[in-house]
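S.K.: Pasting in a structure now, in structure tokens, and then I'll have a few things to ask.
Residue numbers (this note's numbering): 24 to 349.
Here is the structure:
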């Protein structure tokens with residue numbers, strides 16, 4: 024049986040560090056206010072001249088170096104993002120050009136914060152069908168470009184970043200073992216940028232009303248997340264024929280530490296085995312799982328043979344997970 028094995032990863036966080044005190048104009052004692060509600064201490068913002076493809080390109084080059092392969096060996100490049108450089112062309116095509124992946128076809132996937140997990144699902148299926156050997160999946164977002172900095176309920180939550188993983192066909196019993204992907208379109212209004220496309224094109228009026236910025240119904244999204252994360256864990260264990268205790272680490276979407284506390288107690292899974300960068304990076308949307316994956320592969324936390332569950336949830340509504348043997 025063909026499996027999709029992770030052979031290399033890369034990541035990039037912009038140089039600009041934005042601490043919670045940045046939001047003092049919005050809320051008094053911003054550091055304590057943000058940290059107590061989310062677990063976030065700081066995040067990174069891209070420069071004005073940096074676009075999503077710039078971050079993704081650096082992560083992609085790091086992944087190629089880690090894998091020890093040339094960009095010409097990539098058959099397909101998938102970028103998961105909800106903050107593309109522009110509405111068209113695909114950001115993936117820009118990254119493909121930047122890294123010289125001349126033999127790849129490239130396209131974007133937008134499942135908001137689930138985008139990297141969805142990109143991994145695409146890569147896994149392309150490889151398992153036997154048609155392609157090597158696929159690069161990238162999660163990258165620059166939410167600092169679309170935040171409403173007058174909305175204290177959302178703007179302190181997000182940061183920018185990019186992460187990449189290269190998957191290659193193997194007949195060994197490792198790589199992506201099973202997956203679980205879902206979406207519920209009835210929840211689409213909960214996370215949106217109202218004026219950003221064909222339904223409500225950007226105008227001077229929509230800009231004045233801040234409708235061209237990110238909007239989220241925080242309470243409803245929290246309820247959604249705490250329902251679907253246990254669902255992902257249960258379904259992945261069922262499909263993988265394992266117990267939750269067999270999982271060495273869980274890499275969840277980095278949204279809110281309170282969610283992680285709740286899920287750890289509900290599922291009986293040790294909190295210290297949830298791998299997090301939330302305190303240092305904030306919610307980096309599509310990049311969050313990819314950033315944590317790369318960090319823990321490079322620092323040696325994730326070792327050969329480890330069983331890791333990567334999972335995301337976000338707008339759409341969308342959610343899903345992949346069980347990976349390293």
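All C-beta atoms in this analysis are idealised placements derived from N, C-alpha and C, irrespective of residue type, glycine included.
Would you give the residue range spanned by the alpha helix (DSSP H) that residue 318 belongs to?
M.R.: Mapped onto the chain shown, residue 318 falls at position 295. From DSSP, the alpha helix (DSSP H) with residue 318 extends over 311-321.
S.K.: By the DSSP assignment, the beta strand (DSSP E) with residue 34 in it spans what residues?
M.R.: The residue labelled residue 34 in the question sits at position 11 within the chain shown. It spans 26-35 - the beta strand (DSSP E) in which residue 34 sits, taken as one unbroken run.
S.K.: What do you get for residue 48, buried or exposed, if any count of 16 or more other CB atoms within 10 angstroms of its CB means buried?
M.R.: What you label residue 48 is simply residue 25 of the chain shown in a count that begins at 1. Per the 10 Å Cβ criterion, exposed.
S.K.: Does DSSP put residue 181 in a helix, in a strand, or in coil?
M.R.: Stepping through the chain shown from its first residue, residue 181 is reached at position 158. Three-state DSSP puts residue 181 in a strand.
S.K.: Only counting the same chain, and skipping five residues up and downstream in sequence, which positions put a Cβ closer than 6 Å to that of residue 225?
M.R.: Here the question's residue 225 lines up with position 202 in the chain shown. Hits under 6 Å: 218, 235.
S.K.: What three-state label does DSSP hand residue 84 in the structure shown?
M.R.: One-based indexing of the chain shown puts residue 84 at position 61. Reduced to three states, the DSSP call for residue 84 is helix.
S.K.: Spatial neighbours of residue 169 within its chain, please: CB distance less than 7 Å, with the 5 preceding and 5 following residues excluded, ordered by chain position.
M.R.: Numbered from 1 along the chain shown, position 146 holds the residue referred to as residue 169. Cβ neighbours of residue 169 beyond the five flanking positions: 106, 216, 236, 237.
S.K.: Quick check: what's the CA-CA separation for residue 239 versus residue 337?
M.R.: Looking up residue 239 in the chain shown gives position 216. Looking up residue 337 in the chain shown gives position 314. Whole-angstrom Cα-Cα distance: 10 Å.
S.K.: Alpha helix (DSSP H) containing residue 253: first to last residue?
M.R.: To locate residue 253, count along the chain shown from 1; it is residue 230. It spans 241-263 - the alpha helix (DSSP H) in which residue 253 sits, taken as one unbroken run.
S.K.: Among 181, 182, 199, 183, whose alpha-carbon lies nearest the alpha-carbon of residue 189?
M.R.: Taking the chain shown and counting its residues from 1, the one referred to as residue 189 is at position 166. For residue 189, the nearest C-alpha among the options comes from 199.
S.K.: If you follow the alpha helix (DSSP H) that residue 347 is part of, which residue opens it and which one closes it?
M.R.: On the chain shown, residue 347 is found 324 positions in, with the first residue counted as 1. Taken as a continuous stretch (DSSP letters only), residue 347 belongs to no alpha helix (DSSP H), being part of the beta strand (DSSP E) at 341-348.
S.K.: Using CA atoms only, rank isn't needed, just tell me which of 191, 121, 110, 167 is closest to residue 143.
M.R.: Working through the chain shown from its first residue, we reach residue 143 at position 120. Out of 191, 121, 110, 167, 191 has the C-alpha closest to the C-alpha of residue 143.
S.K.: Looking only at its chain, what residues have a beta carbon closer than 7 Å to the beta carbon of residue 153, apart from the 5 residues adjacent to it on each side?
M.R.: Residue 153 sits at position 130 when you count from the first residue of the chain shown. Taken in chain order, the residues that qualify are 25.
S.K.: Expressed to the nearest angstrom, what Euclidean distance is found between the alpha-carbon atoms of residue 298 and residue 51?
M.R.: In the chain shown, the residue the question calls residue 298 occupies position 275. In the chain shown, the residue the question calls residue 51 occupies position 28. Each residue's Cα considered, the two are about 30 Å apart.
S.K.: Count the other C-beta atoms from every protein chain shown that fall within 10 angstroms of the C-beta of residue 213, then say buried if there are 16 or more, exposed otherwise.
M.R.: Numbered from 1 along the chain shown, position 190 holds the residue referred to as residue 213. Buried, because 16 or more other Cβ atoms sit within 10 Å of the Cβ of residue 213.
S.K.: Report the CB separation of residue 64 from residue 39 in whole angstroms; it is logged as a contact under 8 Å.
M.R.: Against the chain shown, residue 64 aligns to sequence position 41. Against the chain shown, residue 39 aligns to sequence position 16. Actually they are not in contact, since the Cβ atoms of residue 64 and residue 39 sit about 15 Å apart, beyond 8 Å.
S.K.: Compare the beta carbon distance of residue 91 and residue 132 with 8 Å and say whether it is the shorter of the two.
M.R.: Along the chain shown, one-based indexing puts residue 91 at 68. Along the chain shown, one-based indexing puts residue 132 at 109. Contact flag unset, no.
S.K.: Going by CA-CA distance only, name the one from 331, 340, 307, 301 that's closest to residue 61.
M.R.: Here residue 61 is taken as the residue at index 38 of the chain shown, counted from 1. Residue 301 is the option with its Cα nearest to residue 61.
S.K.: Can you check which of these residues, 343, 285, 46, is closest to residue 171 by C-alpha distance?
M.R.: Residue 171 sits at position 148 when you count from the first residue of the chain shown. The candidate whose alpha carbon is nearest that of residue 171 is 46.
S.K.: Please classify residue 221 as buried or exposed, where buried requires at least 16 neighbouring CB atoms within 10 angstroms.
M.R.: If you number the chain shown from 1, residue 221 lands on position 198. Its Cβ having fewer than 16 others within 10 Å, residue 221 is exposed.
S.K.: From the DSSP output, in three-state form, read off residue 102 for me.
M.R.: Locating residue 102 in the chain shown gives position 79, counting from the first residue. Correct three-state label for residue 102: strand.
S.K.: Can you give me the C-alpha to C-alpha distance between residue 58 and residue 310, rounded to a whole angstrom?
M.R.: Here residue 58 corresponds to residue number 35 of the chain shown, with the count starting at 1. Here residue 310 corresponds to residue number 287 of the chain shown, with the count starting at 1. Approximately 21 Å between the Cα atoms of the pair.
S.K.: Decide if residue 266 is buried, meaning its Cβ has at least 16 other Cβ atoms within 10 Å, or exposed.
M.R.: Position 243 of the chain shown, counting from 1, holds the residue named residue 266. The residue is exposed, with fewer than 16 neighbouring Cβ atoms inside 10 Å.
S.K.: Beta-carbon separation of residue 308 and residue 134 under 8 Å?
M.R.: In the chain shown, the residue the question calls residue 308 occupies position 285. In the chain shown, the residue the question calls residue 134 occupies position 111. Their beta carbons are not under 8 Å apart, which means residue 308 does not touch residue 134 by this criterion.
S.K.: DSSP on residue 50, reduced to helix/strand/coil?
M.R.: What you label residue 50 is simply residue 27 of the chain shown in a count that begins at 1. Three-state result, residue 50: coil.
S.K.: My assumption, with CB atoms under 8 Å, is that residue 223 sits in contact with residue 27. Please give the rounded CB distance.
M.R.: Position 200 of the chain shown, counting from 1, holds the residue named residue 223. Position 4 of the chain shown, counting from 1, holds the residue named residue 27. Contact doesn't hold; Cβ gap of about 39 Å is too wide.
S.K.: Would you give the residue range spanned by the beta strand (DSSP E) that residue 132 belongs to?
M.R.: Taking the chain shown and counting its residues from 1, one reaches residue 132 at position 109. Element bounds for residue 132: 128-132.
S.K.: Any idea if residue 345 is buried or exposed, counting beta-carbon neighbours within 10 angstroms, 16 or more meaning buried?
M.R.: Position 322 of the chain shown, counted from the first residue, corresponds to residue 345. Buried, since its Cβ has 16 or more Cβ neighbours within 10 Å.
S.K.: Considering only C-alpha positions, which residue in the set 140, 160, 55 is nearest to residue 97?
M.R.: Taking the chain shown and counting its residues from 1, the one referred to as residue 97 is at position 74. Residue 160 is the option with its Cα nearest to residue 97.
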